[in-house]
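For the sequence shown, numbering that gives the first Met the number 0 assigns the number 0 to the initial residue and increments by one for each residue that follows. C-beta: ideal position from N, C-alpha, C; glycine also. Just so it is clear, the structure is predicted and the values come from calculations on it, not from any experiment. The structure under discussion appears below in the form of structure tokens.
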Amino acid sequence: MLGGMLLLLSLLQSGPLLAADMPTAEVDQAFSARARWSLGEHRLELRGNTLWVDGEARIVEVVDDPVFGGDRLFVPADTPDRAGRVVEVRLGVGGVVVEDRVVGGRPDRLAVSASGKELAFVSGRSGYASVWLLKVHEAAPPVQLTNLGLEPTPGQPPKGWTPPPDGPPRFAGDRITWDSPYGPGELRWR
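This is the structure in structure tokens:
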């Protein structure tokens, strides 16, 4: 306790702290903290809402925790026009490849299937926070899995409304499951 107070006092007396002066910890995924990953020989680092690859800012407007799926990192990000995108970061010939996939509605709470070929995420692009599925290696747009075709009802949730996940959904075989304040959710995705 005393050591921590002395460290705090010495920091306060030494002047303002710069981001470069802050101690960093290796964490798997913590959006509020610095996060680092290795992809082959390349270093990926999340600083604030920017993903850096080998010291170069490559993806800005990161909106939620990136997730690894197999040998690639998937990053939920926004666009200047707020279209929303999922960015795939992987090794390619000659280095790191960064590919954008515009999905709309500011995707967040990403989950990757065991095969790494599908992503589940939450987006409000349809007007309600809903679970969506994206086939990573197909050009098709994402498919909305919950809250399809709902009619707004003033003062209450619409009939058929499914509460969105609190955190990332989970792939469990042919099902996607999640937790919400209203209880667990589950659906069949294939």
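Straight-line Cα distance separating D70 from A171: Locating residue 171 in the sequence shown gives position 172, counting from the first residue. Locating residue 70 in the sequence shown gives position 71, counting from the first residue. A171 and D70: Cα-Cα distance of roughly 20 Å.
Straight-line Cα distance separating P180 from Q42: What you label residue 42 is simply residue 43 of the sequence shown in a count that begins at 1. What you label residue 180 is simply residue 181 of the sequence shown in a count that begins at 1. Reading the sequence as shown, one finds Arg at residue 42 and not Gln. Near 37 Å, if we compare the C-alpha coordinates of P180 and R42.
Neighbourhood of G189 by C-beta, 8 Å cutoff - its chain only, sequence neighbours within 5 removed: Counted from its first residue, the sequence shown places residue 189 at position 190. Correcting the residue identity first, residue 189 is Arg in this sequence and not Gly. So the list reads D173, once near-sequence residues are dropped.
Integer Cβ distance of P164 from R108, believed to fall under 8 Å: Mapped onto the sequence shown, residue 164 falls at position 165. Mapped onto the sequence shown, residue 108 falls at position 109. Between the beta-carbon of P164 and that of R108 there is about 6 Å, and that keeps the pair under the 8 Å contact cut.
T145 versus S37, R100, P157, E87, residue with shortest Cα-Cα distance: Within the sequence shown, the letter at position 146 stands for residue 145. Among S37, R100, P157, E87, the Cα nearest to that of T145 belongs to P157.
C-alpha distance - R169 paired with G54, whole-angstrom precision: Taking the first residue of the sequence shown as position 1, residue 169 is located at position 170. Taking the first residue of the sequence shown as position 1, residue 54 is located at position 55. Approximately 32 Å, taken between the alpha carbons.
Within 8 Å, strictly: CB atoms of V111 and G68: Residue mapping note: residue 111 aligns to position 112 of the sequence shown, counting from 1. Residue mapping note: residue 68 aligns to position 69 of the sequence shown, counting from 1. A contact, by the Cβ cut-off of 8 Å.
Cα-Cα separation, H136 to L90: Your numbering for residue 136 matches position 137 in the sequence shown. Your numbering for residue 90 matches position 91 in the sequence shown. Answer to the nearest angstrom: the Cα atoms are 15 Å apart.
With 16 other Cβ atoms within 10 Å as the buried cut-off, status of V74: Walking along the sequence shown from the start, residue 74 turns up at place 75. Buried: at least 16 other Cβ atoms inside 10 Å.
Alpha carbon of E150 to alpha carbon of V61, nearest angstrom: For the purposes of this step, residue 150 is taken as residue 151 along the sequence shown, with counting starting at 1. For the purposes of this step, residue 61 is taken as residue 62 along the sequence shown, with counting starting at 1. Rounded to the nearest whole angstrom, the CA to CA distance from E150 to V61 is 31 Å.
Start-to-end residues for the beta strand (DSSP E) that takes in V96: Numbered from 1 along the sequence shown, position 97 holds the residue referred to as residue 96. First-last of the beta strand (DSSP E) with V96: 94-101.
Nearest residue (CA-CA) to D77, options V66, D99, V92, G94: By one-based count along the sequence shown, residue 77 stands at place 78. When only C-alpha atoms are compared, the closest one is D99.
Pairwise C-alpha distance: G104 and W51: Position 52 of the sequence shown holds residue 51. Position 105 of the sequence shown holds residue 104. Their Cα atoms are separated by approximately 24 Å.
Spatial distance of G166 from Q143 (CA atoms): Indexing the sequence shown from 1 puts residue 166 at position 167. Indexing the sequence shown from 1 puts residue 143 at position 144. If you take the alpha carbons of G166 and Q143, they lie about 17 Å apart.
Own chain residues within Cβ distance below 6 Å of T49, not counting five before or after: By 1-based counting over the sequence shown, the position of residue 49 is 50. Cβ neighbours of T49 beyond the five flanking positions: A56, V59.
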